[in-house]
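The opening residue of the sequence shown carries number 0 in numbering that gives the first Met the number 0; numbering runs sequentially from there.
Where a beta carbon is used, it is the ideal one built from N, C-alpha and C, also for glycine.
Please read the structure below before turning to the comments.
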Amino acid sequence: MNWLAHLFLSDDDIEHRIGNIIADWVKGEARAQFSPGIQRGFASHRLIDLYTDAHPVVARSKARIESPFRRYAAILVDVFYDHFLAVDWEHYCKTPLREWTASVYAQLAAHGHRLPEQARAGLQRMADDDWLGSYATLDGIEATLRRMSRRLSRPNHLGEAAPQLTAHYAELRADFHDFFPELQAYARAVRTARSEFIMAVIP
Numbered sequence: 000m001n002w003l004a005h006l007f008l009s010d011d012d013i014e015h016r017i018g019n020i021i022a023d024w025v026k027g028e029a030r031a032q033f034s035p036g037i038q039r040g041f042a043s044h045r046l047i048d049l050y051t052d053a054h055p056v057v058a059r060s061k062a063r064i065e066s067p068f069r070r071y072a073a074i075l076v077d078v079f080y081d082h083f084l085a086v087d088w089e090h091y092c093k094t095p096l097r098e099w100t101a102s103v104y105a106q107l108a109a110h111g112h113r114l115p116e117q118a119r120a121g122l123q124r125m126a127d128d129d130w131l132g133s134y135a136t137l138d139g140i141e142a143t144l145r146r147m148s149r150r151l152s153r154p155n156h157l158g159e160a161a162p163q164l165t166a167h168y169a170e171l172r173a174d175f176h177d178f179f180p181e182l183q184a185y186a187r188a189v190r191t192a193r194s195e196f197i198m199a200v201i202p
């Protein structure tokens, strides 16, 4: 899953939320410097990604992505699912999306001093340009894919893949709503699992 889903699935536990959102910036032994709560967030992020990658509904969505974008199917489905979470936000959260994202940005900024520079700078860009809220629009999805394309080391077509969303919109939306309640239940189970089990999955 992408950032909106990871943050949403963290609930309001700030340490869990920090770990979940900075997991892509902090790898390996560098994670040992963080508190147990943040490390649980790292592990939760990993477990959610593993669950998502192995789920048959997600596989169905990936199969909808056409050549030459099929090689990016996992990335695209993650981003497209964040789009549907944003578009259909009221199905999953009582707080309006704009209000919720503003609260999350403020919460993360208040704890910015605890984060490594790269993560702090990335989260500041996220807030300044409202990446989370932008997932609700097709323009926002295009911008997201262009950013991700620039981060890849080799020339790629990821930044041109947004039309795959509109080409399969209804089917992907249905896939998302089939999948996300199951992911929510799994994420709740992860949050309540014993610490020893959670920590065992940290790479």
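Since residue i contacts residue j with CB under 8 Å, what's their CB separation in whole angstroms?
i	j	result
L171	S66	Incorrect: roughly 17 Å between the Cβ atoms, too far for contact.
I47	H5	7 Å
D81	L3	4 Å
L96	L107	Not confirmed; about 16 Å, so no contact.
Would you report the Cα separation of residue i and residue j, rounded to the nearest angstrom?
i	j	result
F79	G18	23 Å
H54	Y185	12 Å
A142	G158	8 Å
S133	F33	30 Å
A188	R124	32 Å
I20	F7	10 Å
N155	D10	35 Å
T136	H110	29 Å
E98	W130	14 Å
K93	D128	24 Å
I140	D12	27 Å
T191	A120	31 Å
H112	R45	24 Å
Whose C-alpha, out of the options, is nearest the C-alpha of residue i?
i	options	result
M0	T94, A161, S43	S43
A118	F179, A31, V25, S9	V25
H176	I21, A192, Y91	Y91
Y168	L182, V86, F179	V86
E14	S102, A31, D23, P35	P35
T100	P115, L84, R45	L84
A22	Y71, A58, L114	L114
R150	R63, I74, A173	I74
Y71	T191, L182, A192, S148	S148
R16	G40, R69, E181	G40
So residue i is in the alpha helix (DSSP H); what residue range does that whole segment cover?
i	result
S133	130 to 133
L46	35 to 53
T136	Element bounds for T136: n/a, residue is neither H nor E.
L6	2 to 8
H176	168 to 191
Using a Cβ-Cβ cutoff of less than 6 Å, which residues in the same chain neighbour residue i once the five nearest sequence positions on both sides are dropped?
i	result
Y104	A126
L144	L157, G158, A160, A161
G27	none
W88	L96
I64	A72, L75, Q163
Quick one: what's got a C-beta closer than 7 Å to residue i's C-beta in the same chain, skipping five residues either side?
i	result
D138	none
V57	T51, V76, F178
D174	V56, R59, S60
A166	none
Got a sec? Which residues, its chain only, sit under 8 Å from residue i by beta carbon, not counting five neighbours each side?
i	result
A29	P115
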